Every structure is written in C-alpha cells, then in structure tokens.
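Below you'll find the structure, written out as structure tokens, and then a few comments.
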Amino acid sequence: MSWLRRRMSSLTARLALAYGLTTVLILIGVAAYLSSALESQLEGHADSELVSEVLRVRHLLREVEGENEIRADTHRFADIAMGHEGLILVVRTRDGEPLITLNPRNETLPTLRVHAANITPDRGMLESWRPRGGAPSRALAALGEVGTTGRTVEILVLSDAGSRFALMREYRGQLLGATLCGAIAAAALGFLLARRGLLPLRRMADDAAAVTTSRLATRLDVGNAPEELRELAGALNDMLARLQDSFTRLSTFSADLAHDFRTPISNLVGQTQVTLAQRRNPAEYEALLESNLEEFERLSRMIENMLFLARADHAQVALDQKPLDARAELDKVAEYFDAVAAERDLTLTITGTATVTADQTLLRRAVTNLLDNALRHAPAGSTVRLAVLRARPGHTGIRIANAGPAIATEALPQLFGRFFRADPSRRNSATSTGLGLAIVDSIMRLHGGSVTVRSQEGLTEFELLFPDGMAFPKSAP
812 MSWLRRRMSS LTARLALAYG LTTVLILIGV AAYLSSALES QLEGHADSEL VSEVLRVRHL
872 LREVEGENEI RADTHRFADI AMGHEGLILV VRTRDGEPLI TLNPRNETLP TLRVHAANIT
932 PDRGMLESWR PRGGAPSRAL AALGEVGTTG RTVEILVLSD AGSRFALMRE YRGQLLGATL
992 CGAIAAAALG FLLARRGLLP LRRMADDAAA VTTSRLATRL DVGNAPEELR ELAGALNDML
1052 ARLQDSFTRL STFSADLAHD FRTPISNLVG QTQVTLAQRR NPAEYEALLE SNLEEFERLS
1112 RMIENMLFLA RADHAQVALD QKPLDARAEL DKVAEYFDAV AAERDLTLTI TGTATVTADQ
1172 TLLRRAVTNL LDNALRHAPA GSTVRLAVLR ARPGHTGIRI ANAGPAIATE ALPQLFGRFF
1232 RADPSRRNSA TSTGLGLAIV DSIMRLHGGS VTVRSQEGLT EFELLFPDGM AFPKSAP
C-alpha cells in the first residue's frame, strides 16, 4: 500500500491514470452504443425473418391441392426452417389439428391473435412470448389459403431469441475484454507520453536541486522550457535572484557584525589584560573601567539597533501613529543637538511647517539618526538645515541637508545597508555603529513611506517622505 501511495503521488502516474480512466469511459460509451446498435439490428432482422416465413408458407400452401398433400410433403415446409436457429413452425387446421409441426424443444405455444389470409403481415403484428426458461421472443400467427379449395389453415411462426441473446452476451464479453485491454494500453501509453512530456519539469527540478549556497548564481533555462513552464521558471529565477541578494547581504552583514563586535571586544580584552598584568593604583583601575564602559555602551547600542532592525524586518514593531506637528518635533530634536552643534561650530536652522502622521518615538529616532549623521560630516562653520515641506500631494517631507564632500555615486544605493559606511576612514569609529541609516530605512518602511538621498559636491540631502492619513498600526503577532 505504501508503494501504491508513493506511485500515486507522482504527477506522471496521476496523468496516466486520468488518461486511462478517460479512455475507459470513452470505450465503454462506444461499446454500449455498438452493442445496442447490433442488438437492435439483430432484433429487426429476426422480426423481418418471421414475417418472411409467414409469406413463404402462404406461397407454398397455394401450390398444394389439399391438406392431405401437406401431410404427405412436410419436407417442403421443413426446408423453410433450415438455417434459422430457434425457429418454430406450426401449420394446423382451423379445428387445431396439426398438419406440420417443427418444434424441436416441444415448447408450449402461446395463444396468439390470428390475422386474416388477405392481410399482408408486417413487423407491427408481431407479439411477444417467452420460451421455457428462455429470453423474451417474438411470434406471428396468420391464416393461409390451401390451393384453390377455399379452405384456410393457421400458420404459427415463432422465434426463440435465446441464441441471439447468447450471441450478444459473447459479443459484450469480447467488447469488455477489448475495452479493458484498450484502457491498459492507453494508460501505459499515457504514462510514457506524460513521462516524456514532463521531462522538462524533471530537468528543471534537477537544475534547481543543483543550486547551493556556493552556486546561487545558477538560473533555470527559461528559453528552452515549454510555454506552460516558462512562467514557473521565470518565477523560480526571480526567487533565486532574491535569495542570492539576501544571502549576499546576510553574508556581508555577518562579516560586518563580526568585525564591529571584534573591535570593542578586542579593546576590552586588551586593555583589561594590560591592566591586570601588574598591580595598578586605583586611578588606573578607574580609567580602565571608564574605558570599558564606553565600549560596553557601544556594544549595547549595536545590540539594541540590531534587535530593532530584526523586529522591524518581521513587522513586530508596534506603531502608535497619530497627527504630529512636524515643526515642533524637529525643534525638540534640534534642541537636544544644540550643544553638539555649538561644540563643532555648526549652526542649525529649521524652516517650514506641516502635520505629519507618524509614530512620535520612531519619527524622532529617524530624524535623530539623520541629524547626528549630518553633524558628524558637516565642516566646521557650516549650517545644517532642517526643513518641513509638502514634497508631493498626499505626502509630508522632512529634509535634512548638510554641506561637505559629496558621497560617491556608487555608494548611494548601499548607503542604507547595515554596517555600510561611505567613509572608509571612519569604519572603526567608536561613535558610529553603521546601523543608523538602516534603522531610518526600516522606520520609513514601517510607516509606508520612504527615505531618499541626494549628494553632489558641497551638499548632501536626506529626505523622509511620510504618507498622509492614519495607517493601520503594525503590531506584533
């Protein structure tokens, strides 16, 4: 049974079975039609023979001189029944005296309506009767004139349809055998055709099975695939492309993660080993703890940021979206950075006003990340500009611009990737985790908005685009 279940799970076997069953139904329909047509033809032929037998007997009766000649020359009438299996012929006087009796099985004769001698018999005059232990049969009774005497006798012609029914049973048996053989042959042929027809699908499966982490660039051959499979092959290729991109980003993320975790951990281990190599005074231990605290804080920020990105990727960050005064939110964030800006000899300006629909905490976090990025890269003595504007119908934009060197064009598409830093010299910065812009991108995707960047010599602009209206919050499942 398990073998049968495994075989029936095969698409080839299912197609072959469906093809075989369809063929069986068609052959059964054809066989039923042929059987019915043959039986109807045989029945019609038998009925016509009965009518013809009556006419022949009438003809022979006209050629005799009297009833005695009929008794003496019975072989002339017996010849009529030759070659007609199951035919019963009885000729008798009007008083019931038998003149000719051809009834091999001594069947009990039914009572039949006798038609006049001047009426030409036809199939509509036939009556039904049932022989002893036999099948329904047909009979006809009519009067016939004897020579020129003017006397008439009764002619009874009956057919035993048993032989015809036996013939039909044998014929139906042969049809059934032919139908079964045809169905088996059709199923076998269907299996071969289905197996051959599904060969491109098996090749596609083999190609897909050959895809591994080291061969993610492998693609299915769409050009040689049948038309019905091209859409599937194209969808699988698109899926492989997405997997390759995700795997590449995951590999890069893992490498960057290991690199960025290694730096603070190496600092912690190195500084601690050096300090513990010999006895130190309390001030030195205190300096070590302060240094270690900075590294721990950096690790804590990195872990917190990565957890946020992981939850955002799975839509597990609950949003409390509501209409906010975008200008007021920028004022609060700028107030927090006033001291940092003054320390770096930078000026903050805010322009524009509008209402934005967003989660207040996440909005401030996105703006904080962008403003922190702008302050770190803006040259001393320059101005960092924050602006609220109606960027396009149905959207509110928040733009943050700073002066400074342009970001390389090839780096722009990767700018919102995790652990990516456009400035390699700042790769090991203790103040940057390389996740700030990735968090901004995740926040905007949670809001159904987007973040864009434009950079040319002397000016870099980041713009957050929030759609208007209350969105349904994305909450943890």
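The numbering of the sequence shown is the working numbering, which starts it at 812 and goes up by one.
Every residue, glycine too, gets a C-beta built ideally from N, C-alpha and C.
These numbers were taken from a predicted model, which means no experiment stands behind them.
Where the beta strand (DSSP E) through residue i begins and ends
i	result
Arg934	Run containing Arg934: none; DSSP gives neither H nor E here.
Gly955	Ser948 to Glu956
Ile899	Leu898 to Arg903
Thr1168	Thr1166 to Asp1170
Pick from the options that is closest to residue i, judged by C-alpha positions
i	options	result
Glu850	Phe1148, Ser1025 and Arg983	Arg983
Pro932	Asn1092, Leu954 and His1258	Leu954
Gly1215	Thr1194, Phe1227, Ala1222 and Ile966	Thr1194
Asp1252	Ala1020, Gly1228, Ser1111 and Ser863	Gly1228
Val964	Asn1078, Thr904, Thr834 and Leu1104	Thr904
Lys1133	Asp858, Val835, Thr1172 and Glu1101	Thr1172
Tyr1147	Asp1183, Ile891, Thr1024 and Thr1162	Asp1183
Pro1190	Thr1179, Ala1217, Ala1165 and Leu826	Ala1217
Ile1294	Leu838, Val1080, Val835 and Arg941	The question about residue 1294 has no answer here: the residues shown for the chain are numbered 812 through 1288.
Leu832	Thr959, Pro921 and Ala999	Ala999
Arg794	Ala928, Gly945 and Pro909	Here the chain has residues from 812 to 1288 only, and residue 794 is not among them.
Arg1196	Asn914, Asn1180, Cys992 and Ala1185	Ala1185
Asp1142	Val1151, Gln1082, Ala1150 and Thr1160	Thr1160
Residue i, buried or exposed, once every other Cβ within 10 Å from all chains shown has been counted against 16
i	result
Met1050	exposed
Asn1213	buried
Glu1115	exposed
Leu1257	buried
Thr919	exposed
Asp971	buried
Gly786	Since the displayed the chain opens at 812 and closes at 1288, residue 786 lies outside it and no answer follows.
Met1015	buried
Ile1076	exposed
Gly988	exposed
Gly1269	exposed
Thr823	buried
Arg825	exposed
Ile881	buried
Ala1094	exposed
For residue j and residue i, the rounded distance between their alpha carbons
i	j	result
Thr1263	Leu1003	57 Å
Gly1280	Leu1200	16 Å
Arg934	Ala950	10 Å
Leu1099	Val1167	46 Å
Leu1012	Leu1040	8 Å
Ala1052	Arg1006	30 Å
Glu1274	Ala1177	11 Å
Leu969	Gly840	33 Å
Arg887	Glu876	14 Å
Asp1156	Gly1247	23 Å
Leu828	Asp1032	30 Å
Thr912	Glu854	24 Å
Pro921	Leu845	33 Å
Leu986	Met979	10 Å
CB contact below 8 Å: residue i versus chain D
i	result
Asp1017	Among the chains of the structure shown, chain D does not appear; only one protein chain is present.
In DSSP terms, what residue i is bridged to
i	result
Asn1361	An answer regarding residue 1361 cannot be provided, because it is not within the stretch 812 to 1288 covered by the chain.
Ala1198	Thr1162 and Arg1210
Leu801	Nothing about residue 801 can be reported from this structure: the residues present for the chain run from 812 to 1288 only.
Lys1133	Ala1169
Thr963	Glu956
Ser970	Leu898 and Arg949
His1188	None, per the DSSP bridge assignment.
Thr1263	Glu1274
Residue i - containing alpha helix (DSSP H), residue span
i	result
Ile995	Gly973 to Gly1008
Glu1221	Counting along the chain, Glu1221 falls outside any alpha helix (DSSP H), and DSSP gives it neither H nor E.
Arg873	Leu822 to Arg873
Met1255	Gly1247 to Leu1257
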